[in-house]
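According to our numbering, the sequence shown is numbered sequentially starting from 3.
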Amino acid sequence: MTQKLAFIGFGVVGQGLAEIMLEKEKTLSEKYDFDFQVVAISDIKLGSVYDPKGLDLEEVLDMVESGVSLSEYPDGKTGWEPIKTIEESNADTIIEVTFTDMETGGPALDHVRTALKHGKDVVSTNKGPVAQKLEELQSLAEENDVQYKFEGTVLSGTPALNLALKTLAGCEIKKVKGIVNGTTNYILSKMEEGMDYEDALQKAQELGYAEADPTGDVEGVDAQGKTLILANTLMDAGLDLKEVEREGITGLTLEDIEDAKEEGHRWKLIAQAEKKGDGVDAKVGPEKIPLDHPLAGVMGPTNAITYTTDHLGEVTIIGPGAGKEETGYALLVDLLSL
Ligand code: HSE
Numbered sequence: 003m004t005q006k007l008a009f010i011g012f013g014v015v016g017q018g019l020a021e022i023m024l025e026k027e028k029t030l031s032e033k034y035d036f037d038f039q040v041v042a043i044s045d046i047k048l049g050s051v052y053d054p055k056g057l058d059l060e061e062v063l064d065m066v067e068s069g070v071s072l073s074e075y076p077d078g079k080t081g082w083e084p085i086k087t088i089e090e091s092n093a094d095t096i097i098e099v100t101f102t103d104m105e106t107g108g109p110a111l112d113h114v115r116t117a118l119k120h121g122k123d124v125v126s127t128n129k130g131p132v133a134q135k136l137e138e139l140q141s142l143a144e145e146n147d148v149q150y151k152f153e154g155t156v157l158s159g160t161p162a163l164n165l166a167l168k169t170l171a172g173c174e175i176k177k178v179k180g181i182v183n184g185t186t187n188y189i190l191s192k193m194e195e196g197m198d199y200e201d202a203l204q205k206a207q208e209l210g211y212a213e214a215d216p217t218g219d220v221e222g223v224d225a226q227g228k229t230l231i232l233a234n235t236l237m238d239a240g241l242d243l244k245e246v247e248r249e250g251i252t253g254l255t256l257e258d259i260e261d262a263k264e265e266g267h268r269w270k271l272i273a274q275a276e277k278k279g280d281g282v283d284a285k286v287g288p289e290k291i292p293l294d295h296p297l298a299g300v301m302g303p304t305n306a307i308t309y310t311t312d313h314l315g316e317v318t319i320i321g322p323g324a325g326k327e328e329t330g331y332a333l334l335v336d337l338l339s340l
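Listed below in C-alpha cells is the structure:
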C-alpha cells in the first residue's frame, strides 16, 4: 500500500527528509516495502499545495530552492492552511515540522491533535507538543488507533529515544545525563577556538542547527524541553517544563572558556534527569567538566547521552544532535517504523 504523506511545515527539516526520500525511493520500496506519495505541503512562508494524486517532490524542491511559492505549483489546489490540509487531504500520515514553541506547544499542538483525532498517524520532530502534552497526545493516538512518533525531538536522527525504549527494553533507566543541544555545543566549541559568541551563533544558524528563534537554544529552553521529553518518556516522570531547572550559556564569556581550558576543563551545557525516591529531579545548566570526562570530547553539533541502567550500568550514545539531513533522517526512521 502506498503511504500518503502531508508535510505541515516545509523548512530545513522537512526538506531534509524530502531529499533523503528522493535519493532512497527505490531502496525504500525494495528493501522496506515502503512506497509513498507526498500529497500535500502547507508552509506558512513557502505556500501550500495539495494534489490527491501526489506531488512531484523533485519539482517541489526545485521551486523552494529558486524561491518560487508552492502556490505556483502547476496542478492541484493551493492556499490550504495546515488544519484544512490535515482534515481534508487524503493523507494518511502527517509530517509535523513547523517551528517549535516549547513554552506552549504552539500551533504544532493543534496540528498534532487534529491529525490524531482524524485517525492520521503523526511523525514529528517538533519538541513543543511532546514537552507540553505528551500524555494527552499519546491517549488520543491510542483512542484513534494511530501512532504519534517523535524520535527526532532528542538528538535529531541519533536514535536516543529508540535506543532507550526499544533496545534497552527491560532495563530500568535510573539516570539520563548528556549534551542535548547542538547549537550551544557548537558555539562553545567555536569559542574555544577563539571565535566570538555572536559569530559562532550566526554560523550555527547558517548551518541549520539553531531554532527559528535561537534564544531558546542559548538560554537552555531547547535543552530543558529535551530533558523533559527524556524524563517523561523514559522515566514516566510526569514533569512540567517549569519543573526542569534551567540555565543557558549566555552568561559564559570567552574568558571563562579560556580559563577552563588552562585548568584542563571544558564548559558544556549538561542536561540531567535522575530518579530520586518517587520522583525525578531534572535540570539543565553549564558545567565545567574535566577533559578526561567522556562528555568533554563531544564537540560541535555532536550530542551524547549516557543512560544509567539497572542491568547494564552506563550505556552511552553519541551522534549528531542537529542538522538538516540528520533531523530529516529521524522522520524517515519514524515513517519506516509505522
Ligand atoms: N536547535 C536544536 C539544537 C535543533 O541545536 O540542538 C535540534 O533539536
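Using N, Cα and C, we set each Cβ at its ideal position, and we do this for glycine too. Everything numeric in this text was worked out from a predicted model, so none of it was measured.
Handout entry: 8 Å Cβ cutoff met for Gly-250 and Gly-227
Key = no
Problem - Supposed contact pair Gly-18 and Asp-53 - C-beta distance, whole angstroms, cut 8 Å - result: About 22 Å separates the two Cβ atoms, so there is no contact after all.
Problem - Other residues of its chain near Thr-329: CB distance less than 7 Å, five sequence neighbours each side excluded - result: Val-15, Gly-18, Thr-127, Gly-154, Ser-158 and Gly-159
Problem - Gly-253 to Pro-288 span [Cα, whole Å] - result: 9 Å
Exercise for the section: State the DSSP-derived secondary structure class of Glu-213, mapped to helix, strand or coil. Expected result: coil
Practice task
With distances taken Cα to Cα, identify the nearest neighbour of Thr-75 among Glu-89, Glu-137, Asp-58 and Pro-84.
Solution key: The question names Thr, but residue 75 in the sequence shown is Tyr. When only C-alpha atoms are compared, the closest one is Asp-58.
Practice task
Please list, in chain order, all residues of the same chain as Lys-205 whose beta carbon is under 8 Å from its beta carbon, the five residues on each side excluded.
Solution key: Tyr-188, Lys-192 and Met-197
Practice task
Report the three-state DSSP secondary structure of Leu-7 (helix, strand or coil).
Solution key: strand
Handout entry: Option in Val-114, Gly-266 and Gly-210 with minimal Cα separation from Asp-94
Key = Val-114
Problem - Cα-Cα separation between Leu-190 and Met-65, rounded to whole angstroms - result: 36 Å
Exercise for the section: Using 7 Å as the cut-off, classify the Cβ of Gly-323 as near or not near the heavy atoms of the ligand HSE, replying yes or no. Expected result: yes
Practice task
Can you tell me which of Ile-10, Leu-337 and Pro-303 puts its alpha carbon nearest to the alpha carbon of Ala-117?
Solution key: Ile-10
Problem - First through last residue of the beta strand (DSSP E) which encompasses Thr-311 - result: 304 to 311
Handout entry: Cβ pair Ile-291, Ala-306 closer than 8 Å
Key = no
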